[in-house]
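Notes for the one structure printed next.
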Amino acid sequence: MQHVFSVQELTQAVKGVVEGQFPLVWVRGQVSNLSRPGSGHIYFTLKDELAQLKVVWFKGNQWQTPALESLHNGQEIVCAGRLSVYPPQGTYQLIAEWVQDQGIGRLQAAFEALKQKMEAKGYFAQDRKRPLPPHPQRVAVVTAPQGAAVRDFLRLAGERGRPAAIRIYPSLMQGEGAEDNVIGALEQVQLDEWAEVVVITRGGGSLEDLWTFNTEAVAEAVAHFPLPTVAAIGHERDVTIVDLIADSRAATPSHAAQLVWPLRQELVQEVDEWEMRLDKAWMVQWRHAQRRFAELEKGLGWLSPRRRLQRMDKECHRLGHALVRTGRRFVTQQESRAHDSSEALLHRVRRHFGRTATERLEHAGRRLLHCRSNHFNAVAHRLEIQTSALAHLDPKAPLRHGFSLVSRVDTGELVTSAAQVAPEDFLQVQTGDGAYRVRATAGDTAASSGQETET
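Have a look at this one:
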(Lines of atoms letter the chains of each structure in order from A and count residues from 1; the text may use other names and numbers.)
(Lines give C-alpha, C1' and ligand atoms only; values in the text may rest on other atoms or scores of the structure.)
Protein backbone atom coordinates (compact mmCIF):
# COMPACT_ATOMS: atom_id res chain seq x y z
CA MET A 1 0.00 0.00 0.00
CA GLN A 2 1.37 3.43 -0.96
CA HIS A 3 2.38 5.85 1.81
CA VAL A 4 -0.17 8.56 2.32
CA PHE A 5 1.37 11.96 3.15
CA SER A 6 -0.27 14.46 5.36
CA VAL A 7 -0.33 18.01 4.01
CA GLN A 8 2.30 19.02 6.52
CA GLU A 9 4.54 16.07 5.65
CA LEU A 10 4.31 16.74 1.94
CA THR A 11 4.89 20.44 2.41
CA GLN A 12 7.94 19.79 4.59
CA ALA A 13 9.31 17.35 2.03
CA VAL A 14 8.84 19.88 -0.74
CA LYS A 15 10.44 22.54 1.46
CA GLY A 16 13.50 20.35 2.02
CA VAL A 17 13.89 19.64 -1.69
CA VAL A 18 13.40 23.26 -2.78
CA GLU A 19 15.65 24.84 -0.18
CA GLY A 20 18.30 22.17 -0.71
CA GLN A 21 18.37 22.50 -4.49
CA PHE A 22 18.30 26.33 -4.61
CA PRO A 23 20.46 27.77 -1.80
CA LEU A 24 21.19 30.94 -3.84
CA VAL A 25 19.52 32.10 -7.04
CA TRP A 26 19.41 35.27 -9.16
CA VAL A 27 16.00 36.22 -10.51
CA ARG A 28 15.04 39.06 -12.87
CA GLY A 29 11.50 40.52 -13.05
CA GLN A 30 9.14 43.44 -12.54
CA VAL A 31 8.07 44.71 -9.10
CA SER A 32 4.36 44.66 -8.20
CA ASN A 33 2.26 44.64 -5.02
CA LEU A 34 5.04 46.55 -3.19
CA SER A 35 4.39 46.82 0.57
CA ARG A 36 6.48 48.60 3.28
CA PRO A 37 4.89 47.86 6.71
CA GLY A 38 6.08 49.44 9.95
CA SER A 39 8.26 46.43 10.77
CA GLY A 40 10.77 47.60 8.18
CA HIS A 41 10.47 44.45 6.09
CA ILE A 42 9.58 44.87 2.41
CA TYR A 43 7.13 42.56 0.58
CA PHE A 44 6.53 42.52 -3.17
CA THR A 45 5.83 40.23 -6.11
CA LEU A 46 8.37 39.67 -8.87
CA LYS A 47 6.69 38.82 -12.15
CA ASP A 48 7.14 38.49 -15.89
CA GLU A 49 4.66 37.72 -18.71
CA LEU A 50 4.14 34.06 -17.68
CA ALA A 51 4.76 33.71 -13.93
CA GLN A 52 5.13 35.48 -10.63
CA LEU A 53 7.14 34.94 -7.44
CA LYS A 54 6.57 36.33 -3.96
CA VAL A 55 9.60 38.04 -2.43
CA VAL A 56 10.35 38.94 1.19
CA TRP A 57 13.18 41.42 1.86
CA PHE A 58 13.84 41.36 5.60
CA LYS A 59 15.13 44.49 7.33
CA GLY A 60 18.32 42.74 8.42
CA ASN A 61 19.35 42.24 4.77
CA GLN A 62 18.69 45.86 3.72
CA TRP A 63 22.23 47.29 4.09
CA GLN A 64 24.34 49.32 1.65
CA THR A 65 21.84 48.70 -1.14
CA PRO A 66 21.30 51.62 -3.55
CA ALA A 67 17.87 50.33 -4.66
CA LEU A 68 16.38 50.45 -1.14
CA GLU A 69 14.91 53.96 -1.34
CA SER A 70 14.15 53.98 -5.06
CA LEU A 71 12.29 50.63 -5.19
CA HIS A 72 8.82 51.09 -6.76
CA ASN A 73 6.05 49.18 -8.61
CA GLY A 74 6.79 48.55 -12.27
CA GLN A 75 10.58 48.71 -11.75
CA GLU A 76 12.72 46.08 -13.47
CA ILE A 77 15.10 44.62 -10.90
CA VAL A 78 17.46 41.71 -10.27
CA CYS A 79 17.17 39.85 -6.93
CA ALA A 80 19.62 37.51 -5.28
CA GLY A 81 18.41 35.21 -2.51
CA ARG A 82 17.33 31.74 -1.47
CA LEU A 83 14.09 29.92 -2.19
CA SER A 84 11.91 28.91 0.76
CA VAL A 85 8.52 27.23 1.23
CA TYR A 86 5.99 28.91 3.53
CA PRO A 87 3.96 25.98 5.00
CA PRO A 88 0.98 27.94 6.43
CA GLN A 89 0.01 29.04 2.91
CA GLY A 90 1.62 26.23 0.96
CA THR A 91 3.49 28.67 -1.23
CA TYR A 92 7.16 29.12 -2.06
CA GLN A 93 8.87 32.51 -1.96
CA LEU A 94 12.25 34.19 -2.43
CA ILE A 95 14.05 35.45 0.69
CA ALA A 96 15.93 38.41 -0.89
CA GLU A 97 19.46 39.24 0.24
CA TRP A 98 20.38 41.71 -2.52
CA VAL A 99 18.23 43.88 -4.79
CA GLN A 100 19.59 45.88 -7.70
CA ASP A 101 18.00 47.89 -10.45
CA GLN A 102 18.39 46.05 -13.73
CA GLY A 103 19.77 49.22 -15.33
CA ILE A 104 22.44 49.40 -12.63
CA GLY A 105 23.90 46.16 -13.87
CA ARG A 106 24.40 47.60 -17.33
CA LEU A 107 25.92 50.79 -15.91
CA GLN A 108 28.27 48.83 -13.67
CA ALA A 109 29.48 46.81 -16.62
CA ALA A 110 30.05 50.01 -18.60
CA PHE A 111 31.90 51.51 -15.61
CA GLU A 112 34.25 48.53 -15.35
CA ALA A 113 34.93 48.57 -19.09
CA LEU A 114 35.81 52.29 -19.09
CA LYS A 115 37.88 51.86 -15.93
CA GLN A 116 40.00 49.18 -17.59
CA LYS A 117 40.43 51.36 -20.69
CA MET A 118 41.53 54.41 -18.68
CA GLU A 119 43.89 52.31 -16.56
CA ALA A 120 45.47 50.85 -19.70
CA LYS A 121 46.21 54.42 -20.86
CA GLY A 122 48.01 55.09 -17.58
CA TYR A 123 45.55 57.76 -16.40
CA PHE A 124 45.42 56.31 -12.86
CA ALA A 125 49.20 56.15 -12.36
CA GLN A 126 50.45 58.02 -9.30
CA ASP A 127 53.55 59.35 -11.06
CA ARG A 128 51.41 61.43 -13.46
CA LYS A 129 49.42 63.11 -10.71
CA ARG A 130 50.52 66.69 -10.09
CA PRO A 131 50.84 68.25 -6.62
CA LEU A 132 48.47 71.05 -5.71
CA PRO A 133 49.97 74.55 -5.44
CA PRO A 134 50.84 75.21 -1.78
CA HIS A 135 48.73 78.35 -1.18
CA PRO A 136 46.57 79.07 -4.24
CA GLN A 137 45.12 82.55 -4.60
CA ARG A 138 42.86 81.84 -7.60
CA VAL A 139 40.65 78.74 -7.52
CA ALA A 140 38.11 77.72 -10.18
CA VAL A 141 35.13 75.58 -9.12
CA VAL A 142 33.06 73.62 -11.67
CA THR A 143 29.73 72.82 -10.01
CA ALA A 144 26.00 73.46 -9.92
CA PRO A 145 25.75 77.04 -8.54
CA GLN A 146 22.65 76.32 -6.45
CA GLY A 147 23.73 72.94 -5.02
CA ALA A 148 24.62 72.06 -1.46
CA ALA A 149 28.11 71.04 -2.57
CA VAL A 150 29.16 74.56 -3.54
CA ARG A 151 27.77 75.96 -0.28
CA ASP A 152 29.82 73.48 1.76
CA PHE A 153 32.93 74.26 -0.27
CA LEU A 154 32.53 78.04 0.03
CA ARG A 155 31.84 77.85 3.76
CA LEU A 156 35.07 76.02 4.52
CA ALA A 157 36.97 78.07 1.95
CA GLY A 158 35.92 81.21 3.83
CA GLU A 159 37.51 79.82 6.96
CA ARG A 160 40.74 78.69 5.31
CA GLY A 161 41.20 80.34 1.93
CA ARG A 162 41.18 84.09 2.59
CA PRO A 163 42.25 86.20 0.82
CA ALA A 164 42.04 83.71 -2.07
CA ALA A 165 39.67 84.47 -4.96
CA ILE A 166 37.14 81.81 -6.02
CA ARG A 167 35.44 81.81 -9.40
CA ILE A 168 32.40 79.57 -9.97
CA TYR A 169 31.96 77.99 -13.42
CA PRO A 170 28.31 76.83 -13.44
CA SER A 171 27.42 73.48 -15.00
CA LEU A 172 24.75 70.80 -14.93
CA MET A 173 25.94 67.89 -12.82
CA GLN A 174 23.47 65.21 -13.99
CA GLY A 175 20.87 64.53 -16.59
CA GLU A 176 20.69 65.40 -20.25
CA GLY A 177 23.37 67.83 -21.37
CA ALA A 178 25.43 67.51 -18.18
CA GLU A 179 28.35 65.86 -19.97
CA ASP A 180 28.71 68.73 -22.47
CA ASN A 181 28.20 71.29 -19.69
CA VAL A 182 31.07 69.94 -17.59
CA ILE A 183 33.43 69.77 -20.58
CA GLY A 184 32.44 73.31 -21.63
CA ALA A 185 33.09 74.64 -18.13
CA LEU A 186 36.55 73.06 -18.10
CA GLU A 187 37.31 74.54 -21.52
CA GLN A 188 36.25 77.98 -20.26
CA VAL A 189 38.57 77.66 -17.24
CA GLN A 190 41.41 76.87 -19.61
CA LEU A 191 40.59 79.79 -21.94
CA ASP A 192 40.43 82.30 -19.08
CA GLU A 193 44.00 81.44 -18.01
CA TRP A 194 43.13 82.74 -14.55
CA ALA A 195 43.02 79.84 -12.11
CA GLU A 196 45.88 78.00 -10.39
CA VAL A 197 43.80 74.92 -9.58
CA VAL A 198 40.31 73.65 -10.52
CA VAL A 199 37.85 71.85 -8.23
CA ILE A 200 35.09 69.66 -9.73
CA THR A 201 32.42 68.96 -7.13
CA ARG A 202 28.83 67.84 -6.63
CA GLY A 203 26.79 66.18 -3.90
CA GLY A 204 25.95 62.51 -3.50
CA GLY A 205 23.49 60.45 -5.51
CA SER A 206 22.84 57.13 -7.18
CA LEU A 207 25.03 55.60 -9.83
CA GLU A 208 22.75 57.08 -12.49
CA ASP A 209 23.00 60.55 -10.89
CA LEU A 210 26.81 60.42 -10.93
CA TRP A 211 27.08 58.89 -14.40
CA THR A 212 28.23 62.15 -16.03
CA PHE A 213 31.58 61.62 -14.33
CA ASN A 214 31.85 58.04 -15.61
CA THR A 215 31.70 59.00 -19.29
CA GLU A 216 34.75 58.75 -21.53
CA ALA A 217 34.51 62.32 -22.82
CA VAL A 218 34.58 63.87 -19.34
CA ALA A 219 37.32 61.47 -18.23
CA GLU A 220 39.53 62.45 -21.19
CA ALA A 221 38.89 66.16 -20.55
CA VAL A 222 40.06 65.83 -16.95
CA ALA A 223 43.03 63.63 -17.90
CA HIS A 224 44.35 66.23 -20.37
CA PHE A 225 43.49 69.33 -18.34
CA PRO A 226 46.59 71.56 -17.99
CA LEU A 227 45.97 72.61 -14.37
CA PRO A 228 46.00 70.51 -11.18
CA THR A 229 42.52 69.08 -10.54
CA VAL A 230 40.62 68.15 -7.38
CA ALA A 231 37.59 65.84 -7.73
CA ALA A 232 34.94 65.84 -4.99
CA ILE A 233 32.14 63.79 -6.57
CA GLY A 234 29.40 62.52 -4.26
CA HIS A 235 30.12 60.99 -0.87
CA GLU A 236 33.15 59.05 0.30
CA ARG A 237 31.66 55.69 -0.74
CA ASP A 238 31.01 57.00 -4.29
CA VAL A 239 33.92 56.41 -6.66
CA THR A 240 33.79 57.69 -10.25
CA ILE A 241 36.25 57.53 -13.14
CA VAL A 242 36.95 61.26 -12.69
CA ASP A 243 37.86 60.61 -9.03
CA LEU A 244 40.46 58.07 -10.15
CA ILE A 245 41.94 60.35 -12.84
CA ALA A 246 42.04 63.67 -10.96
CA ASP A 247 45.33 64.77 -9.38
CA SER A 248 43.67 64.75 -5.94
CA ARG A 249 40.45 63.12 -4.75
CA ALA A 250 38.33 64.54 -1.94
CA ALA A 251 35.71 62.52 -0.09
CA THR A 252 33.32 65.51 0.12
CA PRO A 253 33.16 69.14 -1.07
CA SER A 254 34.30 70.26 2.40
CA HIS A 255 37.24 67.90 2.19
CA ALA A 256 38.15 69.48 -1.17
CA ALA A 257 38.53 72.86 0.55
CA GLN A 258 40.73 71.24 3.18
CA LEU A 259 42.99 69.81 0.48
CA VAL A 260 43.29 73.16 -1.32
CA TRP A 261 43.94 75.23 1.80
CA PRO A 262 45.76 73.50 4.70
CA LEU A 263 45.20 74.56 8.31
CA ARG A 264 47.18 77.42 9.86
CA GLN A 265 48.92 74.90 12.15
CA GLU A 266 50.09 72.97 9.09
CA LEU A 267 51.45 76.18 7.56
CA VAL A 268 53.26 77.03 10.79
CA GLN A 269 54.74 73.54 10.87
CA GLU A 270 55.87 73.89 7.25
CA VAL A 271 57.50 77.27 8.03
CA ASP A 272 59.23 75.75 11.07
CA GLU A 273 60.60 72.92 8.92
CA TRP A 274 61.97 75.37 6.37
CA GLU A 275 63.48 77.48 9.16
CA MET A 276 65.26 74.41 10.54
CA ARG A 277 66.58 73.58 7.08
CA LEU A 278 67.86 77.15 6.62
CA ASP A 279 69.53 77.12 10.04
CA LYS A 280 71.24 73.84 9.23
CA ALA A 281 72.41 75.11 5.83
CA TRP A 282 73.68 78.35 7.42
CA MET A 283 75.66 76.43 10.05
CA VAL A 284 77.27 74.28 7.36
CA GLN A 285 78.29 77.36 5.38
CA TRP A 286 79.53 79.12 8.53
CA ARG A 287 81.73 76.18 9.56
CA HIS A 288 83.11 75.92 6.06
CA ALA A 289 83.93 79.65 6.07
CA GLN A 290 85.63 79.31 9.47
CA ARG A 291 87.81 76.46 8.24
CA ARG A 292 88.69 78.39 5.10
CA PHE A 293 89.55 81.52 7.10
CA ALA A 294 91.80 79.51 9.43
CA GLU A 295 93.60 78.00 6.44
CA LEU A 296 94.14 81.43 4.85
CA GLU A 297 95.28 82.93 8.16
CA LYS A 298 97.78 80.12 8.62
CA GLY A 299 99.11 80.59 5.09
CA LEU A 300 99.41 84.37 5.54
CA GLY A 301 101.37 83.90 8.77
CA TRP A 302 103.77 81.54 7.02
CA LEU A 303 104.50 84.23 4.41
CA SER A 304 105.10 87.11 6.91
CA PRO A 305 108.65 88.69 7.07
CA ARG A 306 109.00 87.76 10.74
CA ARG A 307 108.38 84.11 10.02
CA ARG A 308 110.81 84.25 7.10
CA LEU A 309 113.52 85.75 9.35
CA GLN A 310 112.88 83.09 11.97
CA ARG A 311 113.24 80.35 9.37
CA MET A 312 116.46 81.92 7.99
CA ASP A 313 117.89 82.28 11.51
CA LYS A 314 117.21 78.62 12.28
CA GLU A 315 118.76 77.58 9.00
CA CYS A 316 121.94 79.66 9.68
CA HIS A 317 122.33 78.12 13.13
CA ARG A 318 121.83 74.66 11.70
CA LEU A 319 124.42 75.20 8.95
CA GLY A 320 126.92 76.73 11.41
CA HIS A 321 126.69 73.81 13.79
CA ALA A 322 126.93 71.37 10.92
CA LEU A 323 130.06 73.13 9.59
CA VAL A 324 131.75 73.04 13.01
CA ARG A 325 130.92 69.37 13.46
CA THR A 326 132.23 68.58 9.99
CA GLY A 327 135.50 70.50 10.60
CA ARG A 328 136.14 68.83 13.93
CA ARG A 329 135.42 65.43 12.48
CA PHE A 330 137.81 66.15 9.58
CA VAL A 331 140.65 67.29 11.92
CA THR A 332 140.19 64.27 14.13
CA GLN A 333 140.29 61.94 11.17
CA GLN A 334 143.44 63.59 9.78
CA GLU A 335 145.22 63.47 13.15
CA SER A 336 144.38 59.82 13.54
CA ARG A 337 145.58 58.98 10.05
CA ALA A 338 148.86 60.98 10.51
CA HIS A 339 149.57 59.35 13.87
CA ASP A 340 148.96 55.92 12.45
CA SER A 341 151.24 56.68 9.48
CA SER A 342 154.03 58.04 11.74
CA GLU A 343 153.95 55.06 14.06
CA ALA A 344 154.06 52.67 11.17
CA LEU A 345 157.01 54.51 9.58
CA LEU A 346 159.00 54.60 12.84
CA HIS A 347 158.43 50.94 13.37
CA ARG A 348 159.73 50.06 9.90
CA VAL A 349 162.80 52.35 10.23
CA ARG A 350 163.78 50.93 13.65
CA ARG A 351 163.56 47.48 12.35
CA HIS A 352 165.58 48.24 9.15
CA PHE A 353 168.33 50.70 10.16
CA GLY A 354 169.04 49.99 13.80
CA ARG A 355 169.21 52.25 16.88
CA THR A 356 171.21 55.19 15.50
CA ALA A 357 169.07 55.51 12.50
CA THR A 358 166.12 55.10 14.82
CA GLU A 359 167.18 58.13 16.88
CA ARG A 360 167.58 60.16 13.71
CA LEU A 361 164.23 59.08 12.51
CA GLU A 362 162.71 59.81 15.90
CA HIS A 363 164.07 63.34 15.60
CA ALA A 364 162.66 63.51 12.10
CA GLY A 365 159.40 62.09 13.42
CA ARG A 366 159.17 64.74 16.10
CA ARG A 367 159.75 67.40 13.49
CA LEU A 368 157.07 65.78 11.37
CA LEU A 369 154.67 65.77 14.31
CA HIS A 370 155.49 69.44 14.97
CA CYS A 371 154.80 70.27 11.34
CA ARG A 372 151.62 68.25 11.51
CA SER A 373 150.52 70.17 14.62
CA ASN A 374 151.30 73.49 12.97
CA HIS A 375 149.36 72.43 9.89
CA PHE A 376 146.32 71.39 11.88
CA ASN A 377 146.47 74.57 13.94
CA ALA A 378 146.41 76.55 10.72
CA VAL A 379 143.42 74.54 9.53
CA ALA A 380 141.62 75.13 12.84
CA HIS A 381 142.37 78.87 12.61
CA ARG A 382 140.91 79.04 9.11
CA LEU A 383 137.84 77.15 10.38
CA GLU A 384 137.37 79.73 13.14
CA ILE A 385 137.65 82.53 10.58
CA GLN A 386 135.03 80.90 8.38
CA THR A 387 132.73 80.33 11.38
CA SER A 388 133.10 84.02 12.33
CA ALA A 389 132.33 85.05 8.75
CA LEU A 390 129.22 82.84 8.76
CA ALA A 391 128.11 84.45 12.04
CA HIS A 392 128.29 87.86 10.33
CA LEU A 393 125.72 86.56 7.84
CA ASP A 394 123.14 86.10 10.66
CA PRO A 395 120.13 88.36 9.66
CA LYS A 396 119.68 89.26 13.34
CA ALA A 397 123.25 90.52 13.75
CA PRO A 398 122.41 94.10 12.66
CA LEU A 399 119.47 94.08 15.09
CA ARG A 400 121.87 93.40 17.99
CA HIS A 401 123.90 96.49 16.94
CA GLY A 402 121.02 98.93 17.28
CA PHE A 403 119.14 98.43 14.01
CA SER A 404 115.42 97.55 13.90
CA LEU A 405 113.11 95.67 11.53
CA VAL A 406 109.74 97.44 11.05
CA SER A 407 106.62 95.81 9.57
CA ARG A 408 102.92 96.65 9.37
CA VAL A 409 100.76 94.90 11.97
CA ASP A 410 97.69 94.55 9.71
CA THR A 411 99.39 93.00 6.66
CA GLY A 412 102.80 91.87 7.92
CA GLU A 413 104.40 93.91 5.09
CA LEU A 414 108.01 94.96 5.73
CA VAL A 415 108.34 98.78 5.92
CA THR A 416 111.20 100.00 3.74
CA SER A 417 109.93 103.53 3.12
CA ALA A 418 108.18 106.19 5.23
CA ALA A 419 105.66 106.51 2.42
CA GLN A 420 104.25 103.11 3.43
CA VAL A 421 103.10 104.46 6.82
CA ALA A 422 100.19 106.74 7.60
CA PRO A 423 99.32 108.38 10.94
CA GLU A 424 97.59 106.05 13.38
CA ASP A 425 99.00 102.94 11.66
CA PHE A 426 100.19 100.19 14.05
CA LEU A 427 103.70 98.89 13.40
CA GLN A 428 105.73 95.93 14.69
CA VAL A 429 109.36 96.81 15.64
CA GLN A 430 111.80 93.87 15.85
CA THR A 431 115.09 94.53 17.77
CA GLY A 432 117.95 92.27 18.70
CA ASP A 433 116.39 91.06 21.94
CA GLY A 434 112.63 91.28 21.31
CA ALA A 435 109.75 93.06 19.58
CA TYR A 436 107.12 95.64 20.45
CA ARG A 437 104.25 97.46 18.75
CA VAL A 438 104.10 101.23 18.12
CA ARG A 439 101.55 103.61 16.64
CA ALA A 440 102.68 106.15 14.04
CA THR A 441 101.88 109.84 14.57
CA ALA A 442 102.20 112.78 12.20
CA GLY A 443 105.69 113.40 10.86
CA ASP A 444 107.80 114.40 7.89
CA THR A 445 108.34 111.71 5.26
CA ALA A 446 111.88 112.90 4.58
CA ALA A 447 114.59 110.50 5.63
CA SER A 448 116.20 113.03 7.96
CA SER A 449 113.06 113.66 10.05
CA GLY A 450 112.05 110.03 10.73
CA GLN A 451 108.74 109.16 12.48
CA GLU A 452 107.52 109.80 15.97
CA THR A 453 106.15 106.80 17.83
CA GLU A 454 104.21 106.22 20.95
CA THR A 455 103.74 102.91 22.72
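For what it's worth, UniProt numbering labels the leading residue of the sequence shown as 1, then goes sequentially.
Even for Gly, the Cβ is constructed at its ideal location relative to N, Cα and C.
> Are the beta-carbon atoms of V421 and L405 separated by less than 9 angstroms?
Replying inline: No, the pair does not count as a contact, with Cβ atoms beyond the cut-off.
> When you compare each of P37, Y86 and G74 to T11 by their alpha carbons, which one comes out closest?
Replying inline: Ranking P37, Y86 and G74 by Cα distance to T11 puts Y86 first.
> Excluding sequence positions up to five away, which residues of its chain have a Cβ less than 6 angstroms from the Cβ of G81?
Replying inline: Contacts found: L94, I95, A96 and E97.
>> Can you give me the C-alpha to C-alpha distance between D247 and A165, rounded to a whole angstrom?
In response: Roughly 21 angstroms separates the two Cα atoms.
> Nearest CA to the CA of L319: which residue from R138, Q386, R307 and H370?
Replying inline: Ranking the options by Cα distance to L319, first place goes to Q386.
>> Would V198 and V142 qualify as a contact pair, given that the criterion is a beta-carbon distance under 9 angstroms?
In response: Result yes, Cβ atoms of V198 and V142 sit closer than 9 angstroms.
> How should V242 be labelled, buried or exposed, when 16 other C-beta atoms within 10 angstroms of its C-beta is the threshold for buried?
Replying inline: So V242 ends up on the buried side.
> Relative to the alpha-carbon of T252, which residue among G60, T201 and R128 has its alpha-carbon at the smallest distance?
Replying inline: Of the candidates G60, T201 and R128, the one whose C-alpha sits nearest the C-alpha of T252 is T201.
> Between which two residues does the beta strand (DSSP E) containing L83 stretch?
Replying inline: Annotation: the continuous beta strand (DSSP E) that includes L83 extends over E76 to Y86.
> Any idea if E112 is buried or exposed, counting beta-carbon neighbours within 10 angstroms, 16 or more meaning buried?
Replying inline: It is exposed - the Cβ of E112 has fewer than 16 other Cβ atoms within 10 Å.
>> For the alpha helix (DSSP H) containing Q423, name the first residue and the last one.
In response: The amino acid occupying residue 423 in the given sequence is Pro; Gln does not appear at that position. Element bounds for P423: n/a, residue is neither H nor E.
> Thinking C-beta only, is V230 closer than 9 angstroms to A195?
Replying inline: Not in contact: A195 and V230 (Cβ atoms no closer than 9 angstroms).
>> Quick check: the Cα distance between V27 and V78, rounded to an integer number of angstroms?
In response: The alpha-carbon of V27 is positioned some 6 angstroms away from that of V78.
> Quick one, are the C-beta atoms of S407 and R306 less than 9 angstroms apart?
Replying inline: Contact flag set, yes.
> By DSSP, does D180 sit in helix, in strand, or in coil?
Replying inline: In the displayed model, D180 falls within a helix according to three-state DSSP.
> Looking at C-alpha atoms only, which residue of T215, A217, W211 and A223 is the closest neighbour of D238?
Replying inline: Of the listed residues, the one whose Cα sits closest to D238 is W211.
> Among all the DSSP beta bridges, which residues are the ones paired with R202?
Replying inline: By DSSP's assignment, R202 forms a beta bridge with I233.
> Do you know how far the Cα of F58 is from the Cα of G20?
Replying inline: Computed Cα separation, rounded: 21 angstroms.
> Between which two residues does the alpha helix (DSSP H) containing L244 stretch?
Replying inline: Boundaries of the alpha helix (DSSP H) around L244: I241 to I245.
>> Please classify M276 as buried or exposed, where buried requires at least 16 neighbouring CB atoms within 10 angstroms.
In response: Classification for M276: exposed.
> Curious, which full-length alpha helix (DSSP H) runs of at least 4 residues does the stretch 112-194 contain?
Replying inline: Within the stretch 112-194, the runs of alpha helix (DSSP H) that reach at least 4 residues and sit entirely inside it are, in chain order, 148-160 and 178-192.
> Of the residues V331, L172 and A120, which one's Cα is nearest the Cα of L383?
Replying inline: Residue V331 is the option with its Cα nearest to L383.
>> Can you tell me which residues form a DSSP beta bridge with D101?
In response: BP columns for D101 point to I77.
>> For T11, report the span of its alpha helix (DSSP H) as first-last.
In response: From DSSP, the alpha helix (DSSP H) with T11 extends over V7 to Q21.
> Between the beta-carbon of L369 and the beta-carbon of S342, is there less than 9 angstroms?
Replying inline: Between L369 and S342, the gap from beta carbon to beta carbon is short of 9 angstroms.
> Would Q108 pass as a contact of A67 if the rule is Cβ separation under 9 angstroms?
Replying inline: Not a contact, by the Cβ cut-off of 9 angstroms.
> Once you ignore the five residues that flank N73 on each side, which residues in its own chain have a CB closer than 7 angstroms to its CB?
Replying inline: Once the five neighbours on either side are set aside, the close Cβ partners of N73 are V31, S32 and L34.
> Hey, out of I42, H381 and D410, whose CA is closest to L71's CA?
Replying inline: Nearest C-alpha to L71: I42.
> In three-state DSSP terms, what is G60?
Replying inline: In the structure shown, G60 sits in a helix (DSSP, three-state: H, G or I).
> By how many angstroms is the C-alpha of W63 removed from the C-alpha of S39?
Replying inline: Straight-line measurement puts the Cα of W63 at about 16 angstroms from the Cα of S39.
> At what residues does the beta strand (DSSP E) containing L399 begin and finish?
Replying inline: Segment A397 to R400 is the alpha helix (DSSP H) holding L399; no beta strand (DSSP E) there.
> How do the stretch 205-223 and the stretch 169-187 stand: do at least 3 beta-carbon pairs fall below 8 angstroms, yes or no?
Replying inline: Taking one beta carbon from each stretch, the stretch 205-223 and the stretch 169-187 have 3 or more pairs nearer than 8 angstroms; the two touch.
> Can you tell me the Cα-Cα spacing of L259 and A250, whole angstroms?
Replying inline: Spanning the two alpha carbons is a distance of roughly 7 angstroms.
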